[in-house]
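Protein chains in written order, with my numbering: chain C, 360 to 1307; chain A, 7 to 129.
In this text, a Cβ means the ideal position worked out from N, Cα and C, and glycines have one as well.
Computed from a predicted structure; not experimentally measured.
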């Protein structure tokens, strides 16, 4: 078996595959699985059981998942002290019960077997005690010099406790320096607010108050600490039900096709460098003071109706701008929102979230200069991986060698710790106490969900070492901070409530109305004629920190459905003009530096504009993340953080296969994902059902099913789905779905039970997109059931199409006969049966599958059965909306709704009664239990070029 | 007598050392079988129905075969096995001569459904 797999694999891939499953397979074969009794198992009960711990009954704790320092409130499901699944916290403003992809996947980071486990000094094992002693010895002369020679480099600090500690450190060491750097952070936002208001402010949006939204290169469904909330507010502003035909409207001008652009009612595809000009022309049209109309306007045709739409919705619109766009455009957008009266309505301003907002690039530059000058004696790098992700022109790694005592503290021994004297293992935020703010300032006190897996420390414990209070536990530190903050009343009650609910009530930052300063838009009018290069953070690996997370590596990218690689995205026309070929390696040259990566022809990419994502090409990211893709940081500089004009690009001629999970993105006229303008709905609400006629119920040779009690079904609102893919990861976490690695994805053997299909519509050089989550349809006349020779897939008495792994002999007839292609086969032993840490993440209520069986979406039957037992124990029926599937629970837009179709009070039966409800491929008479509400769009009637 | 009984030495040792007793699992269902005790007790299935007369076992053994056919027999014909809730924990309970009549009545009363869909036990 192993012979078969290794053919054609490069060594890196082969070693990775060994981790993913080969080792497992060989052990399984070696131990020999005969037809004997299974080996005797032992049970080790608690001697003194913890309170309320019942084996088999999950417990739930509120905490937060922290990305880029900012919190999303979550509730963690734990089984006997093991957190297994992350759900959103319905009370939390960033979550409202849903989560982002990154929060969902954070649980796998906790259990990553390749996390840093021990303190090392010069790459040799050391201890915390040794580190503490040596640190204090090294600090002694520095203390005498008032702290001169001590530098701290952190990521963006938003945590109140951590900020307070850093200030205490600076009090004790007044001459010490504290720098912050975050490669993908909101650099433009900060500088833009400084330009517009003369000070740092935090901007967020209340899209539920916006009738009209305009995004200038902002993929706000995907990036940023409020993406989950924004998706929710956007979707709830366009849920057409019955005679309510109110819909908000979204315009997007963007420099690459994103989920946000794909959902836009009008999408304008512009080079990055043209978006600023577009902004200026629009600002002139809506009458922003001080912005004059430009001579020879280029976007009149759309700006006329767009500006009228915005002006007609004064105070009810919102303009959003991408983090990659320059500060000048951010400032202009503040001015536009002010001119439209949106500030205080759909656009909210507060004081900055960060403890100390600053220009982080300048801060890092200063640090590197000081390191090179030899004045930095001790450098403490707290999280972050600057040796990998600092702008390349700074030469951070070289400067690091000049620091006497360099210390890296992080979850992993990574590229940076390779260059530092000390490497300290950090605790995951699910392992210790800390706190964090959400996008609006709401504070969550994070509580640990599990005892530390390794001998690690948290950030707050590490900083406590500096202020000479060693060995205080993180709980003591966080409590002592909040004891001062919470005031004089009963602290214990306050603390229990704050921790238990997952947020401190009314802790969001107060809104302000900062006064605008005159802005300068001159720099936005420059446009370039050559090929431009734009950078984006990878939506899943972010700045590269999640490269070791196999779920995220294998989660298909939103539009391309690429896995396990980044790519050079170019339009077909540009590729042709410059001799670039799909899946061939091209070289991009910026100054003296270059990178080589595989080309992906991307519909929706503007001509003469190349997009690359950073976060790949890691050299020290464990067996999962090392050597995946190419490292775009090598051509990223302090002057070209997001955009480089006039680059050189050439084809090397070498081919490089990229692994995608969806090779064909045309609907071939079949209209599987039905999408129409709202005007069609107003004329004929049942248009989708007419497009997919349902054959008569009696057109089958098989007997009808009857469901006396429950009849489970699902409805998916395609208008609401924004293709965020949180459902795919939620399904993976809930149902113990394995990853398979790039080679197997190339063979089409990926295992996700739920996928989100993407189709391009309209002119493929400037397309719109259609998104459709595809789980198992649980067909009434299921084509899979009738072809299984061993009855491994059968119908249940409550409307489920069941899959019985232990009966399955792997003929794959079912998969061949499934018109929706939702059945996945374990060609190899994909699940890791042997790594202890990974076992701890597994959902104990779901079988871990072995080699040779088919698997597929079960409608989270373990949750149905649990609810059934709970209801029967209480002598009642399952309530209308009691059972939620994992994909439904995580969905920020409530696009996925599950429930009992027999119960007319359930949300799912109400949705299925909507005229928009249709079944995919119903003409095959499969009678699916999963149906869709056709997508509606709301184009501006004054703009005639609507693609459909 | 219990504080010195030699048979209980492992229990005392566990108590004083804080280390778990290593129990050998006798009722070992395959990993793909999900069994919930609470619902069976709630529906009037006695301990001894599956576990036998544990009170008379000097060393515990597995009483019934625990095969799927054995499980399904009861799932299909619960009236043959169900007992009043008050008798669930009784070791010495033996079915009355009119078990079928009583069972049918209890199936009604306890709203016992004949659950034979695969995913009731296999997920």
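Query, Result
"Helix, strand or coil at residue 604(C) according to DSSP, with G and I counted as helix", "coil"
"Per-residue burial, residue 748(C) [other beta carbons within 10 Å of its own, 16 or more giving buried]", "buried"
"Short CB-CB distance (under 8 Å) between residue 1163(C) and chain A", "yes"
"Coil, strand or helix - residue 447(C) by DSSP", "strand"
"Three-way DSSP call (helix, strand, coil) for residue 536(C) in this model", "strand"
"Cα-Cα separation, residue 919(C) to residue 1297(C)", "25 Å"
"Contact set for residue 703(C): own chain, Cβ-Cβ below 8 Å, skip 5 residues either direction", "870, 872"
"Distance, residue 1155(C) Cα to residue 1065(C) Cα", "10 Å"
"Nearest-angstrom beta carbon gap, residue 1006(C) and residue 949(C) [assumed within contact, 8 Å]", "6 Å"
"Unbroken alpha helix (DSSP H) run spanning residue 1110(C), endpoints", "From DSSP, residue 1110(C) is part of no alpha helix (DSSP H); its letter is neither H nor E."
"Partners in chain C for residue 24(A), counting only beta-carbon separations shorter than 7 Å", "406"
"Secondary structure of residue 1232(C), DSSP reduced to three states", "helix"
"Segments of 3+ residues assigned as beta strand (DSSP E) that fall wholly inside the stretch 416-492 of chain C", "418-426, 429-438, 441-447"
"Contact under 8 Å by Cβ, residue 427(C) with residue 541(C)", "yes"
"Interface flag, residue 400(C) vs chain A, CB-CB below 8 Å", "yes"
"Contact set between residue 42(A) and chain C, taken where Cβ atoms lie within less than 7 Å", "1228"
"Best match in 423(C), 1271(C), 1217(C), 418(C) for proximity to residue 802(C) [C-alpha to C-alpha]", "423(C)"
"beta-carbon residue 699(C) near the ligand MN non-hydrogen atom, thresh 7 Å", "Absence of the ligand MN is noted for the structure shown, with no ligands found whatsoever."
"Alpha-carbon to alpha-carbon, residue 893(C) and residue 1170(C)", "47 Å"
"Helix, strand or coil at residue 1013(C) [DSSP, three-state]", "strand"
"Reduced DSSP secondary structure (H/G/I, E/B, other) of residue 120(A)", "coil"
"Near-chain A residues of the stretch 1135-1164 of chain C (beta-carbon distance less than 8 Å), N- to C-terminal order", "1153, 1155, 1156, 1157, 1159, 1161, 1163, 1164"
"Interface partners of residue 1205(C) on chain A, CB under 8 Å", "129"
"Chain C contacts from the stretch 108-124 of chain A (Cβ-Cβ distance under 7 Å)", "123, 124"
"8 Å Cβ cutoff met for residue 469(C) and residue 790(C)", "yes"
"DSSP state of residue 623(C) mapped onto helix, strand, coil", "coil"
"Chain A contact residues for residue 1220(C), given Cβ-Cβ distances below 8 Å", "125, 129"
"Under 8 Å (Cβ pairs) to chain A, residues found in the stretch 1228-1242 of chain C", "1228, 1231, 1232, 1234"
"Alpha helix (DSSP H) segments (min. 4 residues) lying fully within the stretch 632-710 of chain C", "659-671, 686-698"
"Stretch-stretch touch, CB-based, cutoff 8 Å, three pairs: the stretch 1080-1097 of chain C with the stretch 1270-1283 of chain C", "no"
"Residue nearest to residue 538(C) in terms of C-alpha spacing, selected from 718(C), 670(C), 1139(C)", "718(C)"
"Whole-number beta carbon distance between residue 903(C) and residue 974(C), since they are thought to touch under 8 Å", "4 Å"
"Short CB-CB distance (under 8 Å) between residue 1129(C) and chain A", "no"
"Against chain C: residues of the stretch 12-36 of chain A by CB proximity under 9 Å", "20, 21, 23, 24, 25, 26, 27, 28, 29, 30, 31, 34, 36"
"Neighbourhood of residue 1095(C) by C-beta, 6 Å cutoff - its chain only, sequence neighbours within 5 removed", "1201, 1202, 1205, 1207"
"The stretch 756-767 of chain C touching the stretch 458-466 of chain C, judged by at least three CB pairs closer than 8 Å", "no"
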